[in-house]
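K.L.:
Pasting a structure here, questions to come.
Chains as they are written, first to last, in this note's numbering: chain U, 632 to 1087; chain L, 1009 to 1348.
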């Protein structure tokens, strides 16, 4: 395998406490050396990426995506979904099991990771928590884990029964996995297609009450409390309500192993963004009130939120061009997460760059126990994102790598342009808006980089 | 539910929701909010003028223009009056209903709309069981779309015909309306507000003319949040207290088809909210009684009230034809496409 030297970039590795200009040498899929600029000792023959003026950081990790394979390749494939991930700076994604069929088997878990899928970045399957995600009988977590599953979840089909959820938490804890719960008491959200409140009343749509989320989170936390001695780990997916986040905060104060993620749309948008039935603003959990959205921002800024995850949920265009209540839930997010996080969390709300990156790499890696990821120390995986943190650009969904276009962020201003994404030592994405700059170090030192993105 | 939100450390700038691009076509009538008061006045004036006009002259206004009526829900009044209105203006109409078309085979609303446009329809009158369907259809076809009722959301022509009926009783002779036209008037809307597109369109129109709207009904059918829909709206759950303040009362049908899963004791409902002859005589002997139909006699109103002297229910039906002539004319001539 060829070696790759990333030279002259500003390395930010929150987990390792590094925030300085460094050269990084990647070899055989691992980080081989980190040195002051020009001081790499083993870079002989390495291909060079000139990162002068750019930020170098651990590859981003999205612990909540839907890649739609097996079974729904018309929406997205593992190849297109991971190409979108790479374009967005992600080097690893955790794929939810609600494929067709549901990923509740060792066979599907292995199939998803097979080289034939053509993934651009590492795919970590999340196994179904129960058989067929029906919420009745729990799966064989040990077997799923040894096949490569990094967590268990019935995402989209919350586990309603107390005894099943308790059993899932206990069984997952025994094998060192967390249970990811899409917290929604579906008995309270029947027919609902947006947040319950004034906006849903005005639009004449059935609402999904905030309590449907918070009551489920509170129930799950009670179960984790009962299983305190077993060190059960509950991860609350896409928290969207102030009340649910408050419950997570309280659980953490009590020393429980409860973590949570927030999606960019939930810290940026409110139910008002549904506008006049924009189906690209329909997802579950739905966009909430301004107070809820503000609570998500506060939770990110004060640290109770462990990760930013996109809930990348591709759908075919024709599936979204229907009556609002008939449209499927979900929006894509892999190609906008970094741009939105830098534009809003960092630039607007002054969250330090290292904290933003940590929420997108180190913390999600730690949360799922992804060893050697989310950091760039010698020996860790050569998963790197190189980006221009100051570059502003406009996102055009039609130009995306995902098969799908269902996003409310089309035309939005983004900050932070990905230059390269390196997955386990391979360049998984090179931004075509920059001129080609990879050169052989044996021929010369790196040549001039045209680091100015061309406007599209 | 938001009491648990922590105070934000500082005032944050957050992304604003974009302004609406609707309606794309100035001939469309999707929401009652698409109309300025000037636009409302124009429709009222045209309704009267068209009603009085010689039928043969009137039939030249839209002679041989093509209008499609696309109905996903059953309807007697709205469908017939739209059809009669369009035909009165000379237009050719084609009725497509969900049970006798390719909609049954799974054709989408978008494809149905594009097909109708390709067949030469210059405007589509849409009745649909999903809220927002008219917006989808307009966005996809860009031809004038007249919303003849979308789910639980809006029914703008009903609000206009209700207004015409109210004006005839309370402000006889008035056609040009302004922000004071209904000052001092209280209109109570009673019953199944939650599921009612008629209530929503009326709530958004009447206060703009100075009326006070009282909403009355049990909490299952009338959530507190309804009062925040717009200015000039309040909730009065005591029917008799509401009646005693009202110059007009709009009774709504209990929409059994949308009640799925809801526990509602109908005997209790009748006891609390049925408009009986005795209630009307005691608390609102002068009020005009409206109902968008279909009425369920013995449920929300007694037969005596429906047929009684204070009932304007059949006048509403008649006004529907006049209002819809004006709205159909506007769709294809679009001289008054102003938004509110």
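Glycine included, each C-beta is placed from N, C-alpha and C at the ideal position.
(1) Just list the beta strand (DSSP E) runs in the segment 1210–1256 of chain L, keeping only unbroken ones of 3 residues or longer that don't cross its boundaries, in chain order.
(2) In the DSSP assignment, find the alpha helix (DSSP H) that holds residue 927 (chain U) and state where it starts and stops.
(3) Could you give the residue range of the alpha helix (DSSP H) that holds residue 913 (chain U)?
(4) Could you name the residues of the same chain whose beta carbon sits closer than 6 Å to that of residue 749 (chain U), not counting the 5 residues immediately before and after it, in chain order?
(5) Measuring CB atoms only, is the segment 661–679 of chain U touching the segment 962–971 of chain U, in the sense that at least three cross pairs come out at less than 8 Å?
(6) Buried or exposed, going by whether 16 or more other CB atoms sit within 10 Å of the CB of residue 1009 (chain L)?
(7) Using the beta-carbon of each residue, which ones in chain U are nearer than 7 Å to residue 1159 (chain L)?
(8) Which class does residue 1294 (chain L) belong to by DSSP, given the choice of helix, strand or coil?
(9) Within this structure, are the beta carbons of residue 1197 (chain L) and residue 1260 (chain L) separated by less than 8 Å?
(10) Scan the segment 889–918 of chain U for residues whose Cβ lies nearer than 8 Å to a Cβ of chain L and list them as they occur along the chain.
(11) Would you say residue 964 (chain U) reaches chain L, if we count a Cβ-Cβ gap shorter than 8 Å as a contact?
(12) Between the segment 803–821 of chain U and the segment 864–873 of chain U, can you find at least three pairs of beta-carbon atoms closer than 8 Å?
(13) Tell me the start and end of each unbroken alpha helix (DSSP H) in the segment 769–815 of chain U that is at least 4 residues and wholly inside, in chain order.
(14) Since residue 756 (chain U) sits in a beta bridge, which residues does DSSP pair it with?
(15) Compare the Cα-Cα distances from residue 659 (chain U) to each of U:650, U:678, U:645, U:643 and report the closest residue.
(16) Just how far apart, CA to CA, sit residue 743 (chain U) and residue 872 (chain U)?
(17) Residue 957 (chain U) touches chain L at which residues, Cβ-Cβ below 7 Å?
(18) Given that residue 1236 (chain L) touches chain U, what residues does it touch there, using C-beta distances under 7 Å?
(19) In three-state DSSP terms, what is residue 832 (chain U)?
(20) Am I right that residue 1101 (chain L) and residue 1091 (chain L) are in contact with their C-beta atoms under 8 Å? What's the rounded C-beta distance?
(21) Identify, in the order they occur along the chain, each residue of the same chain with its Cβ nearer than 8 Å to the Cβ of residue 858 (chain U), setting aside the five sequence neighbours on each side.
(22) Go ahead and pull the three-state DSSP assignment for residue 1105 (chain L).
(23) Does any CB atom of chain L fall closer than 8 Å to the CB of residue 1083 (chain U)?
(24) Mind checking residue 1335 (chain L): buried by the 16 CB within 10 Å criterion, or exposed?
(25) Please report whether the beta-carbon of residue 1122 (chain L) lies at a distance below 8 Å from any beta-carbon of chain U.
(26) Among U:884, U:692, U:901, which one has its Cα closest to the Cα of residue 914 (chain U)?
(27) Check whether the Cβ of residue 953 (chain U) lies closer than 8 Å to any Cβ atom in chain L.
(28) Inspect the beta-carbon positions of residue 782 (chain U) and residue 1005 (chain U) and report whether they are closer than 8 Å.
(29) Rounding to the nearest angstrom, what Cα-Cα distance links residue 1028 (chain U) and residue 1282 (chain L) in this structure?
(30) According to DSSP, is residue 1069 (chain L) part of a helix, a strand, or is it coil?
(31) What residues in its chain sit with their C-beta under 7 Å from that of residue 1188 (chain L), if we drop five residues either side in the sequence?
(32) Helix or strand or just coil, what does DSSP make of residue 1143 (chain L)?
(33) Could you confirm whether any beta carbon from chain U is found closer than 8 Å to the beta carbon of residue 1195 (chain L)?
(34) My understanding is that residue 735 (chain U) touches residue 753 (chain U), with C-beta atoms under 8 Å, so please give their C-beta distance in whole angstroms.
(35) If you measure between the beta carbons of residue 815 (chain U) and residue 840 (chain U), is that distance less than 8 Å?
(36) Can you round the beta-carbon distance between residue 882 (chain U) and residue 845 (chain U) to whole angstroms, since I take them to be within the 8 Å contact cut?
P.N.:
Walking through what the data contain:
(1) 1220–1224, 1241–1243
(2) Counting from 1 along the first chain, the entry for residue 927 (chain U) is found at position 296. Unbroken alpha helix (DSSP H) run through residue 927 (chain U): 921–933.
(3) Position 282 of the first chain, counting from 1, holds the residue named residue 913 (chain U). Counting along the chain, residue 913 (chain U) falls outside any alpha helix (DSSP H), and DSSP gives it neither H nor E.
(4) The residue labelled residue 749 (chain U) in the question sits at position 118 within the first chain. Counting only Cβ-Cβ distances below 6 Å, and skipping sequence neighbours, we find 710.
(5) no
(6) By one-based count along the second chain, residue 1009 (chain L) stands at place 1. Here residue 1009 (chain L) scores only 39 on pLDDT, less than 50, and its place in the model should not be relied on; the value that follows carries that caveat. With 16 or more other Cβ atoms within 10 Å, it is buried.
(7) In the second chain, the residue the question calls residue 1159 (chain L) occupies position 151. The contacting residues are 835.
(8) Translated into the one-based positions of the second chain, residue 1294 (chain L) becomes position 286. Reduced to three states, the DSSP call for residue 1294 (chain L) is coil.
(9) Here the question's residue 1197 (chain L) lines up with position 189 in the second chain. Here the question's residue 1260 (chain L) lines up with position 252 in the second chain. It is a contact, given that the beta carbons lie within the stated cut-off.
(10) 899, 900, 901, 903, 904, 906, 907, 908
(11) Position 333 of the first chain holds residue 964 (chain U). By this cut-off, residue 964 (chain U) is not an interface position.
(12) yes
(13) 772–777, 793–805
(14) Translated into positions along the first chain, residue 756 (chain U) becomes position 125. Partner(s): U:726.
(15) By one-based count along the first chain, residue 659 (chain U) stands at place 28. Selected option, being the one with the closest Cα: U:678.
(16) As a first step, residue 743 (chain U) must be located in the first chain, where it is residue number 112. As a first step, residue 872 (chain U) must be located in the first chain, where it is residue number 241. When rounded, the distance between both Cα atoms is 33 Å.
(17) Reading the first chain from its first residue, position 326 is the one you call residue 957 (chain U). Chain L residues near residue 957 (chain U): 1138.
(18) The residue labelled residue 1236 (chain L) in the question sits at position 228 within the second chain. Simply 829.
(19) Reading the first chain from its first residue, position 201 is the one you call residue 832 (chain U). If DSSP states are grouped into helix, strand and coil, residue 832 (chain U) belongs with the helices.
(20) By 1-based counting over the second chain, the position of residue 1101 (chain L) is 93. By 1-based counting over the second chain, the position of residue 1091 (chain L) is 83. Confirmed, Cβ separation roughly 5 Å.
(21) Sequence index remark: in the first chain, residue 858 (chain U) carries index 227 (1-based). Excluding positions up to five away in sequence, the list reads 797, 800, 801, 804.
(22) Residue mapping note: residue 1105 (chain L) aligns to position 97 of the second chain, counting from 1. Strand.
(23) Stepping through the first chain from its first residue, residue 1083 (chain U) is reached at position 452. Because the pLDDT of residue 1083 (chain U) is 43, which lies under 50, any placement of that residue in the model is unreliable, and the number read from its coordinates should be weighed accordingly. Cβ-Cβ to chain L under 8 Å: no for residue 1083 (chain U).
(24) If you number the second chain from 1, residue 1335 (chain L) lands on position 327. Classification of residue 1335 (chain L): buried, given that the 10 Å Cβ count is 16 or more.
(25) As a first step, residue 1122 (chain L) is located in the second chain; it is residue number 114 there, counting from the start. Closer than 8 Å: no.
(26) Position 283 of the first chain holds residue 914 (chain U). Checking every option, the nearest Cα to that of residue 914 (chain U) belongs to U:901.
(27) To locate residue 953 (chain U), count along the first chain from 1; it is residue 322. True, the Cβ-Cβ gap to chain L drops below 8 Å.
(28) Taking the first chain and counting its residues from 1, one reaches residue 782 (chain U) at position 151. Taking the first chain and counting its residues from 1, one reaches residue 1005 (chain U) at position 374. No, they are not a contact pair.
(29) Walking along the first chain from the start, residue 1028 (chain U) turns up at place 397. Walking along the second chain from the start, residue 1282 (chain L) turns up at place 274. Rounded to whole angstroms, residue 1028 (chain U) to residue 1282 (chain L) spans 54 Å at the Cα level.
(30) For the purposes of this step, residue 1069 (chain L) is taken as the residue at position 61 of the second chain. The answer is coil: DSSP assigns residue 1069 (chain L) none of H, G, I, E or B.
(31) For the purposes of this step, residue 1188 (chain L) is taken as the residue at position 180 of the second chain. Same-chain partners within the cutoff: 1218.
(32) Translated into the one-based positions of the second chain, residue 1143 (chain L) becomes position 135. Reduced to three states, the DSSP call for residue 1143 (chain L) is helix.
(33) For the purposes of this step, residue 1195 (chain L) is taken as the residue at position 187 of the second chain. No, no contact with chain U.
(34) The sequence position of residue 735 (chain U) within the first chain is 104, counting from 1. The sequence position of residue 753 (chain U) within the first chain is 122, counting from 1. 21 Å between Cβ atoms; not a contact.
(35) Translated into the one-based positions of the first chain, residue 815 (chain U) becomes position 184. Translated into the one-based positions of the first chain, residue 840 (chain U) becomes position 209. Their beta carbons are not under 8 Å apart, which means residue 815 (chain U) does not touch residue 840 (chain U) by this criterion.
(36) Here residue 882 (chain U) refers to the residue found at position 251 of the first chain. Here residue 845 (chain U) refers to the residue found at position 214 of the first chain. Not a contact, Cβ separation roughly 12 Å.
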